[in-house]
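Counting from 1 along the first sequence, just add 112 to a position and that's the residue number in this note's numbering. Glycine included, each C-beta is placed from N, C-alpha and C at the ideal position. Beneath this line is the structure, given in structure tokens, with notes to follow.
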Amino acid sequence: MIRDEIIALTTQALAAAQAAGDLPQFAAPEVTTEHPARPEHGDFSANLPLRIQGLARMKAIAVAEALQKHVPAHPAVDRVVVAPPGFLNYYLAPGWAAAQADVIVAEGDRFASLTLGAGKRAQIEYVSANPTGPIHVGNGRGAAIGSTLANVMKTAGYDVEQEYYVNDAGTQVAIFGRTLYARYEQLFGREVEIPENGYPGEYMIEVAKLVQQRDGDKYLRPVGEEADPGFGRIGLDMMVEGIRADLAHMGVEYDRWYSERSLMDEGGPYHDVMALLRQQGQVVEREGATWFTSTDLGESKDNVLIRTDGQPTYYATDIAYHYDKFIKRGFDRVIDIWGADHQGHVSRVKAAVTAVGGNAEALDVLLYQLVTLRRGDVVVPLSKRAGEIVTLRDVVDEVGRDATRFFFLLTGANQTMDFDLELAKKQSDENPVYYVQYAHARIAGVLKRAADEGYTSDGADVALLTHEAEQTLLRKLLLLPEVVEKVVLELAPHHLTHYAQELAGAFHVFYTQCRVIQAEEPALTKARLRLLQATTVVLARTLGLMGISAPDSM
RNA sequence: GCGCCGGUAGCUCAGUGGAUAGAGCAUUAGUCUUCGGAACUAAGGGUCGGGGGUUCGAAUCCCUCCCGGCGUACCA
113 MIRDEIIALT
123 TQALAAAQAA
133 GDLPQFAAPE
143 VTTEHPARPE
153 HGDFSANLPL
163 RIQGLARMKA
173 IAVAEALQKH
183 VPAHPAVDRV
193 VVAPPGFLNY
203 YLAPGWAAAQ
213 ADVIVAEGDR
223 FASLTLGAGK
233 RAQIEYVSAN
243 PTGPIHVGNG
253 RGAAIGSTLA
263 NVMKTAGYDV
273 EQEYYVNDAG
283 TQVAIFGRTL
293 YARYEQLFGR
303 EVEIPENGYP
313 GEYMIEVAKL
323 VQQRDGDKYL
333 RPVGEEADPG
343 FGRIGLDMMV
353 EGIRADLAHM
363 GVEYDRWYSE
373 RSLMDEGGPY
383 HDVMALLRQQ
393 GQVVEREGAT
403 WFTSTDLGES
413 KDNVLIRTDG
423 QPTYYATDIA
433 YHYDKFIKRG
443 FDRVIDIWGA
453 DHQGHVSRVK
463 AAVTAVGGNA
473 EALDVLLYQL
483 VTLRRGDVVV
493 PLSKRAGEIV
503 TLRDVVDEVG
513 RDATRFFFLL
523 TGANQTMDFD
533 LELAKKQSDE
543 NPVYYVQYAH
553 ARIAGVLKRA
563 ADEGYTSDGA
573 DVALLTHEAE
583 QTLLRKLLLL
593 PEVVEKVVLE
603 LAPHHLTHYA
613 QELAGAFHVF
623 YTQCRVIQAE
633 EPALTKARLR
643 LLQATTVVLA
653 RTLGLMGISA
663 PDSM
């Protein structure tokens with residue numbers, strides 16, 4: 113990408129200036145550039161002179177002047193200017209910028225693809241909500257972040273696998289089974305109460321009805337007896353299928369659904385890991401439970417692996433799961449996307465990864481702050497235990513997939529977020545996603561009209577794209593590769609929504625100021641059609657990375 | 001108490017070492033006999049939570065205090 117070429121030019125200038133004796137010899141820091149806030153300061157700015165003035169024992173301005181003399185010529189660079197207090201400002205050549213329209217159209221879907229990932233295998237695990245209830249709005253945030261990050265990392269050259277960890281074992285699942293059986297019995301007229309710590313939500317009745325519809329009274333036991341141990345799984349499978357469908361409804365598709373229960377299979381990761389930890393002397397029996405001596409690894413306390421009742425804790429199975437990711441499946445990078453309420457779990461899991469022989473450095477846990485659901489001023493609890501649940505599907509149905517995804521991607525993961533159901537519809541009308549999509553539809557309209565009237569961009573001379581609005585738009589197009597890189601390096605997909613708005617804005621300004629189809633200006637018409645083609649490529653690409661549609665009409 | 005995340009325009013949020021701190025919404029005033037007005041232009045609006053420090057330069061880094069959310073289970 114062009115930014116890297118500017119960095120290379122600056123690095124070369126430093127070496128040349130030192131070789132020529134215009135600057136003293138010293139080991140310089142890595143060169144970085146930025147985009148100046150004000151266009152009059154150029155397209156790229158290097159602050160190297162300010163940073164090395166001490167090393168050079170010269171004033172920053174003098175360093176900048178020495179560097180400027182040695183910047184090699186480059187077709188993309190029109191001029192390099194020294195600006196106080198010591199910046200080196202690069203201005204792109206308008207002709208080169210215009211020529212990028214041809215390049216972008218030629219690259220099409222491959223534009224902004226990077227080699228950053230170098231084909232490394234990366235696993236992204238996200239949502240992984242308990243299948244004891246339908247997926248709610250808060251989970252939607254994780255879904256939007258995870259699937260977008262997966263798309264962007266693929267574009268950046270990673271071999272990405274997306275996974276949902278299905279918590280189909282453990283205490284909560286047992287309670288789910290008992291609740292379901294109570295509901296099931298109720299359908300047959302029995303007067304039973306749902307368990308004290310059960311799931312009071314209405315959806316449990318629906319699941320029970322589905323079981324009844326499919327298999328009748330097949331699972332009914334004599335009054336007073338408990339359900340068959342496998343009964344809960346029938347409902348659980350239905351819940352998982354519902355979750356899969358709800359996420360697909362939001363445009364989220366996984367490569368694999370990984371069963372927690374399968375970890376416990378004979379010869380499975382759980383047994384391997386427990387044996388390994390015991391062998392390494394990191395397990396002790398105490399107070400009737402089995403503990404992982406994680407304090408030895410720098411943790412603030414030890415953690416229980418096997419409870420007094422003989423059941424493994426969530427932590428124990430999670431160790432086995434990460435052992436499977438790192439050791440069994442050998443991913444080069446593992447990214448877990450969790451809600452902020454799991455924050456205390458992060459260092460524990462990293463410690464465990466190290467203990468089982470994985471590289472904790474290769475594990476990134478991306479935490480997103482929680483979503484508060486409101487109905488006006490009233491906070492709606494998201495807990496499955498509280499009964500009422502506003503499902504993700506409800507929201508997607510009401511607000512739309514595109515607006516829902518865009519909304520979730522609008523703010524950084526570290527920011528808490530309010531989702532007001534009363535405003536949901538209104539928000540959807542005001543949602544900036546439509547501003548971006550409208551740009552795409554507007555272009556499609558012009559391109560269609562041009563085609564209908566016999567205009568093409570064949571043989572376009574893009575050197576005619578000299579108008580300020582055209583040049584501004586071209587520069588925005590060239591930014592996408594940098595945005596892709598930034599999203600991956602920071603694990604911050606929200607940059608895409610901001611870029612998309614800037615890009616759409618630059619287009620709308622261009623559209624207002626520059627008429628595309630003009631019978632008396634055939635050459636300019638061709639050039640501008642080419643610019644529209646390039647813009648539509650980049651807009652569609654940006655929206656596509658976010659899993660949002662790029663409509664030709666709205 | 002301790003730990004993590006926040007505190008930036010009326011509201012919702014970008015910006016994590018650069019030049020005069022930005023956007024959307026809201027408010028106000030305009031553009032338009034339209035290649036799709038879901039558009040464009042402009043104005044007003046800021047002690048970047050408070051205080052101290054580091055630096056040529058701090059919203060950004062360090063220290064400290066205040067406020068809010070979350071965590072601190074033999075739940076997941």
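| request: Tell me R233's beta-bridge partners as DSSP assigns them. | output: DSSP, once it has assigned bridges, lists D271 as partnering R233.
| query | Who are Y277's beta bridge partners in DSSP? | reply | Y370
| Contact the segment 506-519 vs the segment 430-439: 3+ CB pairs below 8 Å | With a cut-off of 8 Å on Cβ pairs, the segment 506-519 is not in contact with the segment 430-439, counting fewer than three such pairs.
| task | Using only alpha-carbon positions, find the residue among F531, Y277, G469 and A474 that is nearest to H489. | result | At residue 489 the sequence reads Asp, which differs from the His that was named. The candidate whose alpha carbon is nearest that of D489 is F531.
| task | Mind reading off the beta-carbon distance from I405 to Q394? Whole number of angstroms is fine, and I expect it under 8 Å. | result | Looking at the sequence provided, one finds Thr at residue 405 rather than Ile. Yes, T405 and Q394 are in contact; Cβ-Cβ is about 5 Å, under 8 Å.
| query | Does the Cβ-Cβ distance between G470 and F438 come in under 8 Å? | reply | yes
| field | Separation of V304 from D327, as counted between CA atoms | value | 21 Å
| query | Under a Cβ-count criterion, where at least 16 other Cβ atoms within 10 Å of its own Cβ denotes burial, should F138 be classed as buried or exposed? | reply | Classification for F138: exposed.
| Taking one C-beta from the segment 246-261 and one from the segment 473-488 each time, how about it: are there three or more such pairs within less than 8 Å? | yes
| query | Within this structure, are the beta carbons of L160 and L135 separated by less than 8 Å? | reply | no
| Does the segment 347-360 come close enough to the segment 207-226 that 3 or more CB-CB pairs lie under 8 Å? | no
| What are the partner residues of W208, as DSSP defines its beta bridges? | W208 is not bridged to any residue.
| Since R660 and D514 are thought to touch, with beta carbons under 8 Å apart, how far apart are those beta carbons, to the nearest angstrom? | Looking at the sequence itself, residue 660 is Ile, so the reference to Arg does not match. That belief holds up - the Cβ atoms of I660 and D514 are roughly 5 Å apart, short of 8 Å.
| request: Please go through the same chain and pick out, in chain order, the residues whose beta-carbon is closer than 7 Å to the beta-carbon of A575, but skip the five residues on each side of it. | output: G207 and A210
| query | In whole angstroms, what separates the C-alpha of T647 from that of R487? | reply | 39 Å
| task | For D329, I'd like the list of residues in its chain whose CB is within less than 7 Å of its CB, leaving aside the five on either flank, ordered along the chain. | result | F300
| query | Where DSSP assigns a beta bridge to I449, which residues make up the other side? | reply | Y238 and L478
| Buried versus exposed call for S665 [16 or more other C-beta atoms within 10 Å across all chains shown] | exposed
| Between D155 and V215, what straight-line distance do the alpha-carbon atoms span, to the nearest angstrom? | 19 Å
| task | Whole angstroms is fine: what's the gap from R233's alpha carbon to E365's? | result | Distance between the alpha carbons of R233 and E365: 18 Å.
| With burial defined as no fewer than 16 other Cβ atoms inside 10 Å of the residue's Cβ, what is the status of N309: buried or exposed? | exposed
| request: Report the rounded CA-to-CA distance for D436 versus G344, giving the unit in angstroms. | output: 26 Å
| request: Could you tell me the boundaries of the alpha helix (DSSP H) in which M386 lies? | output: P381 to Q391
| Would you call the CB atoms of M113 and E594 closer than 8 Å? | yes
| query | Would V628 be called buried (16 or more neighbouring beta carbons within 10 Å of its own) or exposed? | reply | buried
| Completely contained beta strand (DSSP E) runs for the segment 397-467, where each covers 3 or more residues | Correct list: 401-404, 415-418 and 445-451.
| field | Distance between P424 and D367 (C-alpha atoms, nearest Å) | value | 27 Å
| query | Between L388, N526 and I447, which lies nearest to A467 when the distance is taken from Cα to Cα? | reply | L388
| query | Between the Cα of P246 and the Cα atoms of V319, P151, A218 and A268, which residue gives the shortest distance? | reply | V319
| said: So if DSSP puts D532 in a beta bridge, which residue, or which two residues, is it bridged to? | reply: R486
| Taking the Cβ atom as the reference point for each residue, do L482 and G442 lie within a distance shorter than 8 Å? | Cβ atoms of L482 and G442: not closer than 8 Å.
| said: Using 8 Å as the threshold, is the C-beta distance between G229 and A268 below it? | reply: yes
| request: Determine the DSSP secondary structure at F199, reduced to helix, strand or coil. | output: strand
| message | I449 and E602 - do their beta-carbons sit closer together than 8 Å? | response | no
| Start-to-end residues for the beta strand (DSSP E) that takes in F156 | F156 to A158
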